[in-house]
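Participant: Provided herewith is a single structure, encoded as C-alpha cells, for subsequent inquiry.
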C-alpha cells in the first residue's frame, strides 16, 4: 500500500514479477549465462545505484528477499508471477510455475501465479494446460513467443497450433494472455519484435485479454497502433517505467503516447522484479508529473486518479480482485514470521 | 587521407536500420585492422541477443561500404560476443546471403525488412524537419504546400535545420521518392503529398515512430555502455528530447 502525502491509500498490484533460478548449477549452457547477464545489464543500466545487486545475488535470490522487497519495503499489495521457462538454457527452467506456486501456497493472499504454454508442445501441452488450471487455478498465461526450442527460434500467435491453445484457454476460463516479445530473438527474415500477430488473434479471440508486456517495446509505435484498433489489448509498463528515473523526458513522451492511443484503463504497472525494485519505481512514478508542453500537445494528463488505475485498479478488473475486500484480508497479514 | 580515415568515413554511413543512427556514432565499431589491401572490421552490439537479422544487415553493409574503396581487395567482418557471432561473421565475410548463412532457420531475404525500417526512418526524419519548422513559427497550411526547393531555400543559413533537411532528403532519395525540386516536401511513403485535413493525424503518427526509434536508440546506447563498462562519450543526439521541466 502506498499512502500519499494527503493520506490517500493506493492499492498496488505488481503485474509482472519473477522468482527465478539462474544459478550456475541450473544453467544448461552459455546461453543461460548470457541470458541472466543481459537481465543484470538491464538492472544496472536503469536503476538508481543503491538498487543494483551484486551478480551473485542476482543469479538466485531467496523467498525472504522477494517477499521483503515487494510487500515490506516495496509498497506492493499483490503480485502476479509471469513464468518464463527457457528450457533450452536452464536445466529446471528459469522461472517456473512450480517454483512460483510454492510462494503462492505460503502467501495465498499476496501472490497470483500465471501458467504458461508453448504451442510447439503439441497435444501434450494442451493436457498440461488443463493440469495447470486444476492444480494452480491459473487465470492467465505468459507466452514467450521468442523462446528457443532446438532449431526453432520462436513461434507466432497466428500459428495454427497456437489457435488451438487459445481455444483451449477460452474453454478452461483462462482469459488473460500475457505476451512477451524479445529479448531472445529469432533469425527469421522478418522483424522478430513484430507485434502484428497480437492484432490478428485479438480480433479473433475478442473474449480474451491480450496484455502486451513492455508495451510492445521496442515496437512501441506498432503496439500503440494495434491497441487503438483492438479494445481487448492492454499494455504492461515493465521496462518502460524505469525511464521515469533514468530519462524522465522519454518516460513522459511514452506514457503520454500510451494515454493518448490506449486510454488510462488499459495500462498496468509491472516491475519485472528482480530486474527492477518496485520501491523506487513506485516512489518516482507517484512523484512524476507530465511536463506542460506534452500535456498541451497530446491533451492527456497523468493525474493521481490515473496513477491509481495504472498501479492497481486496471489489472484488478482482469483478475477479479475486489480491492476493498482484499485490503481487509491483508490488514492483519503476517509476512515475516 | 590515411587508409584508416577512409575506412572510418565509409563506416560512418553504415546505419543501424532499427535505430537510424550510424554504427560509429553508436559505438558499435570495436576495431579496424588494415593490412595492405585487406580490411578487418570488428563490431559489437548492446546485447548477446540483438536481432541476428539486423546484425546481418549491418555486417553486410559494413562489407559493402568498405569494399567501395578502390585500394581494398578483401573485407572481413567479425561480430563479437553474440549468440550468432560465428554464423554472421562467416556468412558475411564469405559473401553469403542471409538465407544461406541461416539456411535452417530462415526462409527468405532481408530486403523487405530493410525497406520497412527505412520507411520508419524516413518518417522519423520527416517529423524532425516538420517539428523544427513549426517551432520557427511556420503554419501548417504553409508546411503542406512547401516544395523541396522552397524547403532548401528557407533553411539556408539555419545550421540545425539544414542538417535535419539534408538527412531527410537523403533518405527520400534512397527510397526512390525524390523526383524533382518542385515536388511537395512532405509526402507519405507512397509519394502522396500530406494534405491539410490529414496533417494533424499524420504528425501524431510520425511522432510515434520518431519517439520509438529514439527511445530504442537511447536504450541500446546505454546498454552498450553498461555491457562494456564504457564512459558515455557522446551524449544523446536528440535535441528534441532534452530533459526540460521535469
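Chains as they are written, first to last, in this note's numbering: chain A, 1 to 337; chain B, 1001 to 1246.
From the three backbone atoms N, C-alpha and C, an ideal C-beta is built for every residue, glycine too.
None of these values were measured; they are calculated from a predicted model.
#1: Within a Cβ cutoff of 8 Å, which residues of the same chain sit near residue 1011 (chain B), ignoring the five residues on either side of it in sequence?
#2: Which bits of chain B does residue 220 (chain A) rub up against, with CB to CB less than 8 Å?
#3: Is residue 231 (chain A) near the ligand NAP, going by C-beta to nearest heavy atom under 7 Å?
#4: Under a CB-based cut-off of 8 Å, is residue 180 (chain A) close to chain B?
#5: Pick out whichever of A:330, A:196, A:126 and A:248 has its Cα sitting closest to the Cα of residue 47 (chain A).
#6: Tell me the residue span of the beta strand (DSSP E) that contains residue 1079 (chain B).
#7: Which runs of the beta strand (DSSP E) spanning at least 3 residues fall entirely within the segment 173-260 of chain A, listed in chain order?
#8: What whole-angstrom Cβ distance do residue 1027 (chain B) and residue 1223 (chain B) have, given they're in contact under 8 Å?
#9: Tell me the rounded alpha-carbon separation between residue 105 (chain A) and residue 197 (chain A).
#10: Listed from N- to C-terminal order along the chain, which residues in the segment 220-247 of chain A have their beta-carbon within a distance smaller than 7 Å of any beta-carbon of chain B?
#11: Going along chain A in order, which residues have a C-beta closer than 7 Å to the C-beta of residue 941 (chain B)?
#12: At what residue ranges does the segment 84-139 of chain A contain a whole run of the alpha helix (DSSP H), taking only runs of 4 or more?
#13: Pick out whichever of B:1125, B:1227, B:1106 and B:1046 has its Cα sitting closest to the Cα of residue 1210 (chain B).
#14: Against chain A, with Cβ distances strictly below 8 Å, would residue 1051 (chain B) count as a contact?
#15: Could you check whether the Cβ of residue 1104 (chain B) sits closer than 8 Å to any Cβ belonging to chain A?
#16: So is residue 315 (chain A) in contact with chain B if we call contact Cβ pairs under 8 Å?
#17: Helix, strand or coil for residue 1129 (chain B)? Go by DSSP, reduced to three states.
#18: Please classify residue 1156 (chain B): does DSSP put it in a helix, a strand, or coil?
#19: Rounded to whole angstroms, what's the CA-CA distance from residue 173 (chain A) to residue 139 (chain A)? Just pull it up for me.
#20: Quick one: grab the DSSP three-state call for residue 2 (chain A).
#21: Let me see if you follow: with CB-CB separation under 8 Å, is residue 1028 (chain B) close to chain A or not?
#22: Going by DSSP, what residues sit across from residue 1184 (chain B) in a beta bridge?
#23: Please list the partners that residue 1045 (chain B) has in chain A, where partner means a Cβ-to-Cβ separation under 8 Å.
#24: Could you check the C-alpha separation between residue 1058 (chain B) and residue 1087 (chain B) for me, to the nearest Å?
#25: If you measure from the beta carbon of residue 1060 (chain B) to each beta carbon in chain A, is any gap under 8 Å?
#26: Out of B:1075, B:1153 and B:1017, which has the shortest C-alpha to C-alpha gap to residue 1165 (chain B)?
#27: Verify whether the separation of the beta carbon atoms of residue 284 (chain A) and residue 245 (chain A) is less than 8 Å.
#28: Suppose you measure from the CA of residue 277 (chain A) to the CA of residue 70 (chain A); what does that come to, to the nearest Å?
#29: Beta carbon of residue 83 (chain A), beta carbon of residue 97 (chain A): below 8 Å?
#30: Could you work out which residues of chain B lie near residue 257 (chain A), taking near to mean beta carbons separated by less than 7 Å?
#31: Could you check which residue in B:1226, B:1006, B:1203 and B:1228 has the C-alpha nearest to that of residue 298 (chain A)?
#32: Taking 7 Å as the limit between beta carbons, can you name the residues of its chain near residue 15 (chain A), skipping five residues before and five after?
#33: Taking only three categories from DSSP, how would you classify residue 1037 (chain B)?
#34: Is the CB-CB distance between residue 1195 (chain B) and residue 1118 (chain B) below 8 Å?
#35: Can you tell me whether DSSP reads residue 1106 (chain B) as helix, strand or coil?
#36: Which residues does DSSP list as the beta-bridge partners of residue 10 (chain A)?
Facilitator: In short, the structure shows the following:
#1: The count along the second chain starts at 1 and reaches residue 1011 (chain B) at position 11. So the list reads 1022, 1023, 1024, 1029, 1032, 1041, 1062, 1065 and 1066, once near-sequence residues are dropped.
#2: Stepping through the first chain from its first residue, residue 220 (chain A) is reached at position 220. Chain B residues near residue 220 (chain A): 1208, 1211, 1212 and 1215.
#3: The ligand NAP is absent from the structure shown, which contains no ligands of any kind.
#4: The sequence position of residue 180 (chain A) within the first chain is 180, counting from 1. So no, residue 180 (chain A) is outside the interface.
#5: As a position in the first chain, residue 47 (chain A) is number 47, starting the count at 1. When each option's Cα is compared against that of residue 47 (chain A), the closest is A:248.
#6: Translated into the one-based positions of the second chain, residue 1079 (chain B) becomes position 79. Unbroken beta strand (DSSP E) run through residue 1079 (chain B): 1074-1079.
#7: 176-180, 209-212 and 233-236
#8: Here residue 1027 (chain B) refers to the residue found at position 27 when the second chain is read from its first residue. Here residue 1223 (chain B) refers to the residue found at position 223 when the second chain is read from its first residue. With 8 Å as the limit, residue 1027 (chain B) and residue 1223 (chain B) do not qualify as a contact, their Cβ atoms being about 11 Å apart.
#9: Taking the first residue of the first chain as position 1, residue 105 (chain A) is located at position 105. Taking the first residue of the first chain as position 1, residue 197 (chain A) is located at position 197. Their Cα atoms are separated by approximately 35 Å.
#10: 220, 221, 224 and 247
#11: Any answer about residue 941 (chain B) is impossible in this case: the structure gives chain B only from 1001 up to 1246.
#12: 97-106 and 122-136
#13: As a first step, residue 1210 (chain B) must be located in the second chain, where it is residue number 210. Selected option, being the one with the closest Cα: B:1125.
#14: Taking the second chain and counting its residues from 1, the one referred to as residue 1051 (chain B) is at position 51. For residue 1051 (chain B), the answer is yes, since a Cβ of chain A falls inside 8 Å of its Cβ.
#15: As a position in the second chain, residue 1104 (chain B) is number 104, starting the count at 1. It does: the Cβ of residue 1104 (chain B) has a partner Cβ on chain A nearer than 8 Å.
#16: If you number the first chain from 1, residue 315 (chain A) lands on position 315. Not closer than 8 Å to any Cβ of chain B, the Cβ of residue 315 (chain A) fails to qualify, so no.
#17: For the purposes of this step, residue 1129 (chain B) is taken as the residue at position 129 of the second chain. It is helical.
#18: Position 156 of the second chain, counted from the first residue, corresponds to residue 1156 (chain B). Here residue 1156 (chain B) sits in coil by DSSP.
#19: In the first chain, counting from the first residue as 1, residue 173 (chain A) sits at position 173. In the first chain, counting from the first residue as 1, residue 139 (chain A) sits at position 139. For residue 173 (chain A) and residue 139 (chain A), the distance between alpha carbons rounds to 7 Å.
#20: Within the first chain, the letter at position 2 stands for residue 2 (chain A). The answer is strand: DSSP assigns residue 2 (chain A) an E or B state.
#21: Position 28 of the second chain, counted from the first residue, corresponds to residue 1028 (chain B). It does not: the Cβ of residue 1028 (chain B) has no partner Cβ on chain A nearer than 8 Å.
#22: Taking the second chain and counting its residues from 1, the one referred to as residue 1184 (chain B) is at position 184. BP columns for residue 1184 (chain B) point to B:1147.
#23: The residue labelled residue 1045 (chain B) in the question sits at position 45 within the second chain. Chain A residues near residue 1045 (chain B): none, gap ~11 Å exceeds 8 Å.
#24: By 1-based counting over the second chain, the position of residue 1058 (chain B) is 58. By 1-based counting over the second chain, the position of residue 1087 (chain B) is 87. Computed Cα separation, rounded: 14 Å.
#25: Translated into the one-based positions of the second chain, residue 1060 (chain B) becomes position 60. Output row for residue 1060 (chain B): interface = no.
#26: Taking the first residue of the second chain as position 1, residue 1165 (chain B) is located at position 165. When each option's Cα is compared against that of residue 1165 (chain B), the closest is B:1153.
#27: Stepping through the first chain from its first residue, residue 284 (chain A) is reached at position 284. Stepping through the first chain from its first residue, residue 245 (chain A) is reached at position 245. Contact flag set, yes.
#28: Working through the first chain from its first residue, we reach residue 277 (chain A) at position 277. Working through the first chain from its first residue, we reach residue 70 (chain A) at position 70. Taking the straight line from one Cα to the other gives about 8 Å.
#29: Here residue 83 (chain A) refers to the residue found at position 83 of the first chain. Here residue 97 (chain A) refers to the residue found at position 97 of the first chain. Yes. Within cutoff.
#30: Counting from one through the first chain, the residue named residue 257 (chain A) turns up at place 257. Residues of chain B passing the Cβ test: 1208 and 1211.
#31: Looking up residue 298 (chain A) in the first chain gives position 298. Per the Cα distances, B:1203.
#32: For this step, residue 15 (chain A) is matched to residue 15 along the first chain. Excluding residues within five positions, the ones whose Cβ falls inside 7 Å are 80, 236, 268, 269, 270 and 315.
#33: Counting from one through the second chain, the residue named residue 1037 (chain B) turns up at place 37. Note: residue 1037 (chain B) maps to coil in three-state DSSP.
#34: The count along the second chain starts at 1 and reaches residue 1195 (chain B) at position 195. The count along the second chain starts at 1 and reaches residue 1118 (chain B) at position 118. No. Outside cutoff.
#35: Taking the first residue of the second chain as position 1, residue 1106 (chain B) is located at position 106. If DSSP states are grouped into helix, strand and coil, residue 1106 (chain B) belongs with coil.
#36: Taking the first residue of the first chain as 1, we reach residue 10 (chain A) at position 10. Answer is A:2.
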